[in-house]
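Note sheet for the following structure.
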Amino acid sequence: MTAENSFYGPLEDPAGDAGHREHPPRMGFFTDTSVCIGCKACEVACKEWNGIPEDGIDLLGMSFDNTGMLGASSWRHVAFIEQERPLGRQDAGLADLPVGPSSTEEAEEVVADALEVARRGGGDLGTAPVDLGFPSFDLPGAGTGTETRTQFRWLMSSDVCKHCTHAGCLDVCPTGALFRTEFGTVVVQPDICNGCGYCVSGCPYGVIDRRPDDGRAWKCTMCYDRLRDGLEPACAKACPTDSIQFGPLDELRRNADRRLAALHEAGVTEAQLYGRDPEDGVGGDGAFFLLLDDPEVYGLPPDPVVPTRDLMSMWKHAGVAASALLAVSAAVFVRGGRR
Amino acid sequence: MGSNMAEAHPVGFQWVIEAKARGAKVIHIDPRFTRTSAHADQHVTLRAGTDIAFLGGVINYILMHDLDFREYVRAYTNAPFLLSERYRDTEDLDGLFSGYDPQTASYDASSWSYASTPMDEQPGHHLKEVSAPYQHGAGGPFIEGAAGGIESDPALEHPRCVFQVVKRHFSRYTPEMVERICGVPQELFLDVCRAWTENSGRERTTALVYSVGWTQHSVGAQFIRAGSIVQLLLGNIGRPGGGIFALRGHASIQGSTDVPTLFNLLPGYLPMPDTTHEDLATYLDGVRGRGQKGFWGAADAYMVSLLKEYWGDAATAENDYCFDYLPRINGDHGTYRTVMDMVDGGKVFGYFLLGQNPAVGSAHGRLQRLGMANLDWLVVRDLAMIESATFWKDAPEIETGEIVTEKCRTEVFFFPAASHVEKAGTFTQTQRMLQWRDQAVEPSGDQRSELWFFHQLGVRLKEKLAGSADERDRPVLDLAWDYETEGDEPSPSDVLRHINGIDLNTGRTVDGYLDLKADGTTACGCWIYSGVYAGETNQSRRRTSRFETGPYDAEWGWTWPLNRRVLYNRASADPQGRPWSERKKLVWWDAEAGEWTGHDTPDFEKNKPPDYKAPEGASGVQALDGDDAFIMMRDGKGWLFAPAGLADGPMPTHYEPHESPMRNLLYGQQGNPVRKVYGRPDNPSNPAPPEAHSEVFPFVFTAARLTEHHTAGAMSRQLPYLAELQPELFVEVSPELAVERGLHHLDWAHVITSRTAVDARVVVTDRMAPLRVDGRVVHQVWMPYHWGQTGLTKGDVVNDLIGVVADPNVFIQESKVLTCDVRPGRRPRGPALLEYVADYRRRAGITTETGTRIATADGHVERAHIESDRPEEPS
């Protein structure tokens, strides 16, 4: 790790920085959620290819999402978000129907209760809803329960490990089980992992996790074995609408920029790219997204930061503290010398 | 409409997404907001079962504002033709057409004929029983004399011309009426009309997609007719980017009707002979008719070749090519009738279930299981141990005491089946495309393909019957059964060769149905598939990428007929053979070369010029003029008005579903006057207006599919990766309904009809919206129907809620719309369940006659259509 931005900030070549000399271009995912039809072929293809165990047959009630979140045995997760707002110029045809208050808040509360007791391999799901101060369509204090639904949209999105430029899991792994591949992706080797779990707290997205019966940490490998044979990952191959695009990262970034511009022109002003920016807290994601709302809506952290961002300054502070301690100790000895 | 394409056909839906990326606008009209609606530019919530009112409104809008594609309509449809003076419309008879017989609840269609081609009176009862319309297949029934020219008014003004009759028929389907009946606000409805008409015409075309949401209704065939009329009026049929996409209900079911196991059809949509057909000539007259246009004129070649394929050398001209070996139908042998015969006993003793799970997948699950419990033997072939194989120990009727395991007399044989990757063969999908699949893996253990099973069955039956002198055994003994085999495994590609057709003189495959002969020198298993093995090459195995062929993928797989991709594409050019527009050119006449050419294989005789006029007295293919784009139709035209062929009317008419909370606002005739009801104690119906107590079941119920599961669930509930994606049966309700009935998200509730009650988890969602229907608020509920008692995820059978009432044209059950009640908490179990449902029936005043008083129009005495000669069924 020799580059100036080995720990934080834009880094052009993570594979090279990790020690690969000659290596192929950095590969990644661009998940365009605007064309996701929520079919979950990605979830099934991933499980079939990688032999991942079943992860809980339980009705979560999170719209059509019964997976809940990424975890040790869920490496693709399709989220469904029902919202009382329009999508671009689409019309859900609700105006003039005799509709009443929305169900989404009630659903959220019940869902939260159900999630707490749902069986999950290796981790907890989100708990009770927290007011993050999102803008709402009510005037403060004006809610009387007689609001009516006038707009509706249903967002669908396939989440995956971000294969960050600066990967928190990779940085903290003490055994070397996690490593940076020649494709710039991040892979955990199950035959080396000792299940210490440091990586779980190191990931700013909450992706990697441990299997309870097994103990080891598992996550998406971007089908490393398929990449080595020149194939695309299973999820990208299965996706019927090309919501999951796979290819060289810079090509994907150009596609994404074009797609974003096209959506903005079509009136979908809330479309935004997430994880595309090399200046962000993880140096940009190897798997980045086009979202149709703020990341929090999808259960994604709005400002993910790799924990090693502060590594240098932590060491500097530790160094300063150590020197100060030495200096003070020395001063004590010098001062209190001959008595 | 009637389709949830993104969820049910996700791979096909990628092309809708692609079209959207190129600027196409998507409109989704459906009772609920689905994953398809999430990508639609416009969603319209519709009351289930009111699609004809909506489409009738669109037709009315088009005709009132003169927005039809006039040149197309005049040239290619029967709009100018004059109708018989005897014709009376639903406007005259309070919702009925002329010729109705309330005794048999059927029509004598003779008064619907063209003035030039009068038909003899013929009571409709027998035709209704054998589902005659389904038998006529692609050509419709015959219009005698249609080839001879039909009296018409090209100005489309004569009051008896089809154009004016259609206009009058739909004149009351105004936007106000659409709002009152369908619950669709007028402005929203008009937005759809504007979008549809503005995107049709010379320069633009609009495609219409439908699926099982249209077919599973007591007026299902008329839903589709209504869509066809709109598309014909707008000039969208046979044109690129237009047309009607009939998305089928599961993989290869298109093949299951092309080469059918249906009681009233032979391969290639030739009708099954009935008891009136004494010999081959009579039968062929029935198919070809006299003095008519179109390719059904060559039915003798298709039929004789089929008989030669079945009976080989035993079939000769002297014995009518063994025509007498074919069964003759004499009534309703449809699946529901047959199951009822099982229940009643004495008629049906054995049952083969091949990849079919009626205990979960067919309407009226209890009826299905009681039928299966009353057989001598039942053979089940499937990939997993399905509910239909284990009903004798785990059916819901075990719990209620209606089936007792120790006393159930049915002997069940289960044969494990090979999956589609363990055998080679073709799938025929919705776009009529045959695609060959190679075998990827050898089946393990005792698993065998369907092909092996039936081939072996034939071999062993022939062995058992060998030497028999009984005439009854000759049809089996004389079967040619000469497919190539490797060991005991028949060769699928040889079977496909036989389906394609073989020239018996040379032993080589024919190139297409034009090569088939009526003199016994060709054999062909399915004339519409003829050409799939042309040149001894398996055309269905081709996989030339779309980037290497033209826009119509002509070298990927093989579509019938003769690899044409867009049917009736002659209509993409004007009567002079020039494309309607440069932008929408598909096929056109090349005057220099003297042939039709273009981007697709022309669906027309290659060298017949556009200005060709057939000579006097010609019939069949020879009678088609150069502008008869609809080459299978007996008059060469697309039908706005169907003068024959449909059991329930020449034009679609809004009828309320069999079970409905609303009175029909347009006519006194409440429901389809010809629908097939089965009035028996074990098949009760919820009351519908004008019957009293319909408020006992106040909500509209509809059911459909989820992407994550497959039909009756045998292929998905067993798999952990699918079971965990949709782990439980649930019922979707709107927040408004949840408040009204005290339902809470993820709690238990049960849904009740007059058949039974089923448990489900509650999902409260904004995607369900109540409707204002004629001033009342109507709630709709939805359930997925995939669950049964076996597998990693179990649940009640939703089909147990649904009774049997069927469309009279094709005998498909009405399972897309009924009425129901929903209550919080779980249902009673065991005998208490029977008492609970009986109490509902008492409160609703349900008797065997409920729902069977079909004719409710003015002046009709209420006659109940019940099976009074059937034994009473203890309930």
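Respectively, the protein sequence lines represent chains F and L. 338 is the number that numbering that gives the first Met the number 0 gives the last residue of the first sequence; the numbers go up by one with no jumps. 874 is the number that numbering that gives the first Met the number 0 gives the last residue of the second sequence; the numbers go up by one with no jumps. Positions of the beta carbon are idealized from the N, C-alpha and C atoms, including for glycine.
Residue environment, residue i, which counts as buried when at least 16 other CB atoms sit within 10 Å
{"i": "T268 of chain F", "result": "exposed"}
{"i": "A439 of chain L", "result": "exposed"}
{"i": "R88 of chain F", "result": "exposed"}
{"i": "A491 of chain L", "result": "In the sequence as displayed, the identity of residue 491 of chain L is Pro instead of Ala. Classification of P491 of chain L: buried, given that the 10 Å Cβ count is 16 or more."}
{"i": "K292 of chain L", "result": "buried"}
{"i": "L456 of chain L", "result": "exposed"}
{"i": "L138 of chain F", "result": "Annotation note: pLDDT 47 at L138 of chain F (below 50); position unreliable, no value reported."}
{"i": "P239 of chain L", "result": "buried"}
{"i": "G407 of chain F", "result": "The structure shown does not extend to residue 407 of chain F, since chain F is modelled only from 0 through 338, so no value can be given for it."}
{"i": "I191 of chain F", "result": "exposed"}
{"i": "F629 of chain L", "result": "buried"}
{"i": "M61 of chain F", "result": "buried"}
{"i": "F332 of chain F", "result": "exposed"}
Three-way DSSP call (helix, strand, coil) for residue i in this model
{"i": "F96 of chain L", "result": "coil"}
{"i": "A330 of chain F", "result": "helix"}
{"i": "A628 of chain L", "result": "coil"}
{"i": "G15 of chain F", "result": "helix"}
{"i": "R209 of chain F", "result": "strand"}
{"i": "D123 of chain F", "result": "Its pLDDT being 45, under 50, D123 of chain F is placed unreliably by the model, and nothing is read from it."}
{"i": "A759 of chain L", "result": "strand"}
{"i": "R31 of chain L", "result": "coil"}
{"i": "K516 of chain L", "result": "coil"}
{"i": "W595 of chain L", "result": "strand"}
{"i": "M26 of chain F", "result": "strand"}
{"i": "R253 of chain F", "result": "helix"}
{"i": "H157 of chain L", "result": "coil"}
{"i": "H708 of chain L", "result": "coil"}
{"i": "G142 of chain F", "result": "Because the pLDDT of G142 of chain F is 46, which lies under 50, any placement of that residue in the model is unreliable, and the number read from its coordinates should be weighed accordingly. Coil at G142 of chain F, not helix or strand."}
{"i": "G201 of chain F", "result": "helix"}
{"i": "K292 of chain L", "result": "strand"}
{"i": "E485 of chain L", "result": "strand"}
{"i": "F810 of chain L", "result": "coil"}
{"i": "G283 of chain F", "result": "coil"}
{"i": "L478 of chain L", "result": "coil"}
Residue i - partner residues in DSSP beta bridges
{"i": "Y113 of chain L", "result": "L:L82"}
{"i": "I328 of chain L", "result": "L:D273"}
{"i": "R862 of chain L", "result": "Note: R862 of chain L sits in no beta bridge, so no partner."}
{"i": "T818 of chain L", "result": "L:V699"}
{"i": "F245 of chain F", "result": "F:F28"}
Cβ shell of residue i (< 8 Å), same chain only, five flanking positions each side left out
{"i": "H124 of chain L", "result": "D100, T103 and S105"}
{"i": "P689 of chain L", "result": "R662, Q669 and T855"}
{"i": "V836 of chain L", "result": "I751, S753, R754, T755 and A756"}
Own chain partners of residue i with C-beta closer than 6 Å, once the 5 adjacent residues on each side are dropped
{"i": "Y273 of chain F", "result": "F288, L290 and P294"}
{"i": "R709 of chain L", "result": "Reading off the sequence shown, one finds His at residue 709 of chain L, where the question assumed Arg. S715."}
{"i": "L369 of chain L", "result": "V342"}
{"i": "L889 of chain L", "result": "Absent from the structure is residue 889 of chain L, since the part of chain L shown begins at 0 and ends at 874."}
Close-in-space but distant-in-sequence residues of the same chain around residue i (CB under 7 Å, 5 per side omitted)
{"i": "H19 of chain F", "result": "E181"}
{"i": "V676 of chain L", "result": "V804, G850, T851, I853 and H864"}
{"i": "V673 of chain L", "result": "A104, S105, Y106, K127, A646, D647 and P807"}
Under 8 Å from the C-beta of residue i: neighbouring residues of chain C
{"i": "Y720 of chain L", "result": "In summary, chain C is missing from the structure at hand, where the protein chains are F and L."}
Task: Those runs of the alpha helix (DSSP H) which lie wholly inside the segment 824-858 of chain L and span at least 4 residues - done: 830-842
Task: Ranges of the alpha helix (DSSP H) found wholly within the segment 159-244 of chain L, counting only runs of at least 4 - done: 161-168, 174-181, 185-197, 211-214 and 219-232
TODO: Kindly provide the ranges of any alpha helix (DSSP H) runs that are 4 or more residues long and lie completely inside the segment 295-376 of chain L, ordered along the chain.
DONE: 298-310, 334-343, 357-360 and 364-371
Task: Whole runs of the alpha helix (DSSP H) within the segment 374-452 of chain L, excluding any shorter than 4 residues - done: 386-393 and 395-399
Open item on the list: Which runs of the alpha helix (DSSP H) at least 4 residues long sit entirely within the segment 723-772 of chain L? Give them in chain order.
Closed with: 734-740
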